[in-house]
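Taking our numbering, the leading residue of the sequence shown gets 679, the next gets one more, and so forth.
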Amino acid sequence: MIDIKISNRSFGFVKGALAALALAAAGAAFWLTPAVSAEDAVKIPPPALDEKASAGSEKAIFAGGCFWGVQGVFQHVKGVTKAVSGYTGGDKDTAVYETVGSGRTGHAESVEITYDPSKITYGQLLQVYFSVAHNPTQLNFQGPDSGTQYRSTIFAENDAQKKIAQSYIAQLDQAKVFADPIVTTLETGKTFYPAENYHQDFLTLNPTYPYIVYNDLPKVANLKALFPALYSEKPVLVQSASN
């Protein structure tokens, strides 16, 4: 498993190895303050347009670079009952990690989030997505990863989600909370395909893996620092959710 991402992320791996030494010395303080990583968090306002809290279960699909970090973040969000890494945008036959890595399948590494809308809204999920899960001003790359498979995309499940996302992007651009315009795209009518088992819960199962240490653990730390009311110390893992 250690060599899974070396070909695509050698630069991040080398930087991560150096960062691992520094972060190890930080100890518990790492989890108490926003961390510095390849993708820094940005404090943003909540969406002006959002869905109403309601009972039941809903799904959201977000793509924002490597799915390890995106999944890891949303597994720590209260109200999320399941977060699965996978592929969205292409055909079922090409929803394979090695094939998606070519950048020619139409797929993006994505995360399907199942959530309880009585505890967290779609708009709040978007706020986490834009603020700490990835950098929405980077279109076809995130940190050390480049290619359309790492694009910033919201796969709206319905017209309501699309409307909320469009409104929020316009709101954030008008407020100029980011140094550059948001380039996140919206795609509809696309099917999500779960990724291979070895990709699931990767952040939790491999906390000392250099890529995770440098690129993804800071995202979880920033979630805790910027959204304490939404943060859950215990992650909702795929295996646990399935059981």
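Even glycine gets a Cβ: it sits at the ideal position worked out from N, Cα and C. All of these numbers come straight from a predicted model, not from anything done at the bench.
- Secondary structure of phenylalanine 905 (DSSP, three-state): coil.
- For the 8 Å CB-CB criterion, isoleucine 722 and serine 809 form a contact.
- Between the C-alpha atoms of glycine 767 and threonine 869 there is a straight-line separation of about 7 Å.
- Glycine 764: member of the beta strand (DSSP E) spanning 758-766, first to last residue.
- Three or more pairs of CB atoms, one per stretch, sit closer than 8 Å, so the segment 745-756 contacts the segment 790-799.
- Apart from sequence neighbours up to five positions away, the residues of its chain that approach tyrosine 807 with a beta-carbon distance below 7 Å are Phe740, Gly742, ordered along the chain.
- Taking 8 Å as the cut-off, the Cβ atoms of leucine 803 and isoleucine 791 count as close.
- In the DSSP annotation of this structure, the continuous segment of the beta strand (DSSP E) that includes glycine 742 starts and ends at 736-742.
- By the neighbour-count criterion, in which a residue is buried when 16 or more other Cβ atoms sit within 10 angstroms of its Cβ, aspartate 823 is buried.
- Note on geometry: alpha-carbon atoms of proline 885 and valine 891 lie some 7 Å from one another.
- DSSP links threonine 783 through a beta bridge to no other residue.
- For tyrosine 846, same chain residues with a beta-carbon under 6 Å away, outside a window of 5 residues either side, are Pro725, Leu804 in chain order.
- For threonine 862 and asparagine 836, the gap between their C-alpha atoms comes out near 17 Å.
- Around the beta carbon of proline 906, fewer than 16 other beta carbons lie within 10 angstroms, which makes this residue exposed.
- Taking the Cα positions, serine 918 is about 27 Å away from threonine 772.
- Distance check between lysine 912 and each of Ala857, Ala731, Gly750 places Gly750 closest, using alpha-carbon atoms only.
- Each of Ala738, Tyr793, Val762, Val748 was checked against the Cα of asparagine 893, and the nearest Cα belongs to Val748.
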